[in-house]
Amino acid sequence: LVTQPLISSPTISEPAKACWHVLGVGSLGSLWATRLAQAGHEVRLILRDAERLSAYQAAGGYLRLQQPQQQSCTDYALAAETPDTITSIQRLVVACKAYDVVSALKPLLSRLQGAEVLLLQNGLGSQQAVMEFLPHTRCLLVSSTEGAYRQQPFQVVHAGVGQNWLGDPLRPQQPPEWLKDLAQANIPHVWAENIMGRLWRKLAINCAINPLTVLLRCRNGVLLEHQSQWEPICLELQQLLSSAGHPESAHDLIPEVQQILQATQANYSSMYQDVKQARPTEITYLLGYACTEAQRLGLELPHLQRLHQQLQQELSALGLPSH
Ligand code: PAF
């Protein structure tokens with residue numbers, strides 16, 4: 003591996019660039035942090051606590067990024083801090099898991115006055131919880147199809163080129179001026195006026211694929227042989243999306259799921275990987291959210307409900323949280 007340290011010292015004539023804080027230094031958080039730093043932005047990582055900060059420093063005090071199809075890696079010596087640092091935050095990329103997000107934001111509350119926050123969580127439910135927790139902060143929601151995985155702590159492989167849809171359900175027609183920073187940092191993105199529709203569609207795809215890969219203990223591609231199991235789930239999800247006010251996101255779910263299974267046939271789903279590594283899953287924000295919404299809307303969706311119950315039983319049997 004060839005490693006090169008990042009040198010980012012803007013010349014005097016350049017206007018000062020805004021500082022980006024990144025909370026949650028897993029695969030997606032690292033991907034955002036390193037690309038912003040590469041473009042010359044000041045990036046500060048917010049690590050959970052002093053122990054994690056020491057681990058980062060002991061590992062060299064940098065994030066290592068490997069780009070697709072490249073044998074070489076680049077190291078980014080990024081500043082890191084714990085949540086109790088007192089400086090204010092302008093822009094915050096929140097890339098922790100859906101079940102962690104509100105508790106991770108709590109210690110930052112006093113630093114977030116006037117900040118803008120990007121929420122990269124999977125599923126639905128956690129974004130609404132954050133927006134209630136931060137009623138005076140602009141929250142941008144992100145639906146991402148970028149693929150990345152962590153090889154080791156603080157080392158990430160950018161595995162698949164994808165897209166990030168960003169939007170603000172409260173101000174859908176007001177994209178922030180800093181989208182140009184993302185373009186400059188080669189972070190693919192599209193402003194989505196209908197970000198909730200995007201998030202619902204991704205939730206539906208995750209609900210159709212991920213739980214079955216856990217129950218059948220298989221790679222995504224194996225589900226191509228089990229279409230009779232996920233097809234009725236897709237039909238119910240389409241019903242749910244339409245009733246939840248997103249009929250435009252309900253179309254043609256079956257062919258899209260089929261196409262994703264083909265394109266990712268060698269992969270293990272994110273939920274499968276969580277279970278395999280005995281980590282909590284995001285079930286509450288995927289199937290749990292879908293079933294709660296179905297109930298709220300008075301919909302009978304028996305396949306979806308059965309799948310949720312089976313997954314809960316499986317997770318409980320494995321000693322993992324199931325709601
Ligand atoms: O969660 C995942 O694993 C992915 O989003 C996808 C595409 C559903 C399957 O690998």
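Counting from 3, one number per residue, gives the positions in the sequence shown under full-length UniProt numbering.
Each residue gets a CB set at the ideal place from its N, CA and C atoms; glycine is no exception.
For clarity, every value in this text was computed on a predicted model and none was experimentally measured.
For residue i, write down the residues that DSSP places opposite it in a beta bridge.
i	result
N166	S146
T76	L67
V159	Q68 and Y151
L49	According to DSSP, L49 bridges with nothing at all.
W22	V45 and R93
R140	E118
Following the continuous beta strand (DSSP E) through residue i, name the residue where it begins and the one where it ends.
i	result
A194	Looking at the DSSP string, A194 is not in any beta strand (DSSP E), and its letter there is neither H nor E.
Is residue i near the ligand PAF, in the sense that its beta carbon is under 8 Å from a heavy atom of that ligand?
i	result
K99	no
S272	yes
I48	no
I262	yes
K204	yes
T89	no
I235	no
N222	yes
T286	no
I256	no
N212	yes
I207	yes
N269	yes
N188	no
N166	no
N196	no
T139	no
A76	Ala is not the amino acid found at residue 76; the sequence shown has Thr there. Because no heavy atom of the ligand PAF lies under 8 Å away, the Cβ of T76 does not count as near it: no.
T147	yes
T266	yes
Mind checking which residues open and close the alpha helix (DSSP H) that includes residue i?
i	result
R298	L289 to R298
Q40	S29 to Q40
A131	S128 to F135
L181	L181 to Q186
What residue ranges within the stretch 78 to 126 form continuous beta strand (DSSP E) runs of no fewer than 3 residues, ordered along the chain? 81 to 83, 93 to 96 and 118 to 121
Across the stretch 112 to 123 and the stretch 63 to 79, are there enough close Cβ pairs to call them in contact, namely three or more that are closer than 8 Å? no
My parser needs the alpha helix (DSSP H) runs of 4 or more residues fully inside the UniProt domain "Ketopantoate reductase C-terminal" (196 to 314); what are they? 197 to 217, 229 to 245, 255 to 265, 272 to 278 and 289 to 298
If you pair each beta-carbon of the stretch 149 to 166 with each one of the stretch 25 to 43, do three or more pairs fall below 8 Å? yes
Pair every Cβ in the stretch 315 to 325 with every Cβ in the stretch 266 to 286, then say whether three or more of these pairs are closer than 8 Å. yes
Three or more C-beta pairs under 8 Å: does that hold for the stretch 75 to 92 against the stretch 41 to 52? yes
With contact counted as at least three CB pairs below 8 Å, one residue from each stretch, are the stretch 87 to 94 and the stretch 243 to 251 in contact? Fewer than three Cβ pairs drawn from the stretch 87 to 94 and the stretch 243 to 251 lie within less than 8 Å of each other, which leaves the two stretches out of contact.
Would you be able to state if there are at least three C-beta pairs under 8 Å between the stretch 176 to 195 and the stretch 205 to 219? No, because fewer than three Cβ pairs between the stretch 205 to 219 and the stretch 176 to 195 fall closer than 8 Å, the two stretches do not touch.
With a cut-off of 8 Å, do at least 3 Cβ pairs link the stretch 181 to 189 to the stretch 129 to 145? no
Using 8 Å as the cut-off, can you tell me whether the stretch 194 to 202 makes contact with the stretch 213 to 228, which would need three or more C-beta pairs spanning the two stretches below that distance? Output reads no: the stretch 213 to 228 does not touch the stretch 194 to 202.
Does the stretch 185 to 197 come into contact with the stretch 235 to 244, if we say contact requires no fewer than three beta-carbon pairs (one atom in each stretch) closer than 8 Å? Not touching, per the Cβ criterion.
Counting beta carbon pairs with one atom in the stretch 160 to 175 and one in the stretch 95 to 108, are three or more of them shorter than 8 Å? no
Between the stretch 282 to 300 and the stretch 309 to 320, can you find at least three pairs of beta-carbon atoms closer than 8 Å? yes
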